[in-house]
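For the sequence shown, the residue numbers in our numbering are 1 to 221. Just so it is clear, CB atoms sit at the ideal spot from N, CA and C, and this is done for glycine as well. Heads up: the structure comes next, in structure tokens.
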Amino acid sequence: MPALSVPLIAPSILSADFARLGEEVRSVDEQGADWIHMDIMDGHFVPNMTFGPVVIQSLRPYSQKKFDLHLMIEPVDFFIEAFVKAGADQISFHIEAGPHAHRSLQIIKSFNVRAGIVLCPSTPAVALSEVLDLVDIILVMTVNPGFGGQKFIESQLPKISQLRQMADATGRDIRIGVDGGVSPETAPLALKAGADVLIAGTSVFGQNNYRNAMNSLRGTK
Ligand code: DX5
Ligand code: ZN
Numbered sequence: 001m002p003a004l005s006v007p008l009i010a011p012s013i014l015s016a017d018f019a020r021l022g023e024e025v026r027s028v029d030e031q032g033a034d035w036i037h038m039d040i041m042d043g044h045f046v047p048n049m050t051f052g053p054v055v056i057q058s059l060r061p062y063s064q065k066k067f068d069l070h071l072m073i074e075p076v077d078f079f080i081e082a083f084v085k086a087g088a089d090q091i092s093f094h095i096e097a098g099p100h101a102h103r104s105l106q107i108i109k110s111f112n113v114r115a116g117i118v119l120c121p122s123t124p125a126v127a128l129s130e131v132l133d134l135v136d137i138i139l140v141m142t143v144n145p146g147f148g149g150q151k152f153i154e155s156q157l158p159k160i161s162q163l164r165q166m167a168d169a170t171g172r173d174i175r176i177g178v179d180g181g182v183s184p185e186t187a188p189l190a191l192k193a194g195a196d197v198l199i200a201g202t203s204v205f206g207q208n209n210y211r212n213a214m215n216s217l218r219g220t221k
């Protein structure tokens, strides 16, 4: 199935005020976020750390929107159940995090949550060709994972187009998200290439008016 005609906006709470995380989640929810993107970092797969299931569970009452987890952890499988119990609606993990992406997808889907694969900038689209039948979401990193506020890597655009073709050929409804350096300037490039989910930290939480910031990304302001 083709890309959504109106992109989904997924603010990344990595750039929110961590001392007021609940209010920040409620705020982007009320101002039009489609998903709430949560970056889980373990200080091992990426050189940074964030938070885990306890924080996600404590945020759950602040929004009914989809909690979209981006796991930057290695290993993956052991932690999936805890993230599901904490309230995840969809769980994406890096295909680079181990040799058993197929098994990780099976485990995620066994809990009836949506499953996603994330690709680092150095990983080609074809890396997920043999597991595409289990994938609901593909996230293309347009920065190297680990930190907010980095510059959008334009060389990833052809990969987005390639993944859109691969996803459409399945006939299934697969979302393609772009994560890293997404701004009102770079978002149209990603959308043109075939993405239909815009993940944005700085371009939402770094702005004064979250509604305007999200509409700017959608191209409706
Ligand atoms: C980086 C994270 C991103 C990050 C994006 O590893 O996956 O979700 O929050 O931040 P910006 O939008 O500031 O590049
Ligand atoms: Zn992310």
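By the three-class DSSP mapping on this structure, what secondary structure does residue i have?
{"i": "MET49", "result": "strand"}
{"i": "PRO11", "result": "strand"}
{"i": "ILE107", "result": "helix"}
{"i": "GLY116", "result": "strand"}
{"i": "HIS37", "result": "strand"}
{"i": "LYS65", "result": "coil"}
{"i": "ASP17", "result": "coil"}
{"i": "VAL55", "result": "helix"}
{"i": "LEU71", "result": "strand"}
{"i": "LEU132", "result": "helix"}
{"i": "ASN212", "result": "helix"}
{"i": "HIS102", "result": "helix"}
Looking at the secondary structure, which residues open and close the beta strand (DSSP E) in which residue i lies?
{"i": "VAL92", "result": "It is Ser, not Val, that sits at residue 92 in the sequence shown. Note, SER92: beta strand (DSSP E), 90 to 94."}
{"i": "ALA125", "result": "Where ALA125 is concerned, there is no enclosing beta strand (DSSP E), given that its DSSP letter is neither H nor E."}
{"i": "LEU191", "result": "Careful: LEU191 lies outside any beta strand (DSSP E), inside the alpha helix (DSSP H) at 187 to 193."}
{"i": "ALA200", "result": "197 to 200"}
Please go through the same chain and pick out, in chain order, the residues whose beta-carbon is closer than 8 Å to the beta-carbon of residue i, but skip the five residues on each side of it.
{"i": "ILE91", "result": "LEU69, LEU71, ILE80, PHE83, VAL84, ILE108, VAL113, ARG114, ALA115, GLY116"}
{"i": "GLN150", "result": "VAL143, ASN144, GLY180, GLY181"}
Hey, residue i and residue j are a contact pair by Cβ (cut 8 Å); roughly how many whole angstroms apart?
{"i": "GLY98", "j": "VAL143", "result": "The Cβ separation is near 22 Å, so there is no contact."}
{"i": "ALA10", "j": "ILE36", "result": "7 Å"}
{"i": "SER104", "j": "VAL126", "result": "18 Å between Cβ atoms; not a contact."}
{"i": "ASP196", "j": "ALA33", "result": "In fact, because the Cβ distance is near 15 Å, the residues do not count as touching under 8 Å."}
{"i": "ILE56", "j": "ALA88", "result": "7 Å"}
Spatial neighbours of residue i within its chain, please: CB distance less than 6 Å, with the 5 preceding and 5 following residues excluded, ordered by chain position.
{"i": "MET1", "result": "ASP173"}
{"i": "HIS94", "result": "VAL118"}
{"i": "ALA16", "result": "GLU24, PHE205"}
{"i": "LEU226", "result": "There is no way to answer for residue 226, as the model of the chain reaches only from 1 to 221."}
For residue i, write down the residues that DSSP places opposite it in a beta bridge.
{"i": "ARG218", "result": "According to DSSP, which records beta bridges pairwise, ARG218 is partnered with nothing at all."}
{"i": "ILE153", "result": "None; ILE153 has no bridge partner."}
{"i": "ILE137", "result": "GLY116, ARG175"}
{"i": "ASP42", "result": "MET49"}
What span of residues does the alpha helix (DSSP H) with residue i cover, start to end?
{"i": "LEU163", "result": "157 to 170"}
{"i": "PHE147", "result": "PHE147 -> no alpha helix (DSSP H), and no H or E assigned at all."}
{"i": "VAL84", "result": "77 to 86"}
Below 7 Å CB to CB, which residues in the same chain sit around residue i once its five sequence neighbours on both sides are set aside?
{"i": "GLN156", "result": "PRO121, VAL140, THR142"}
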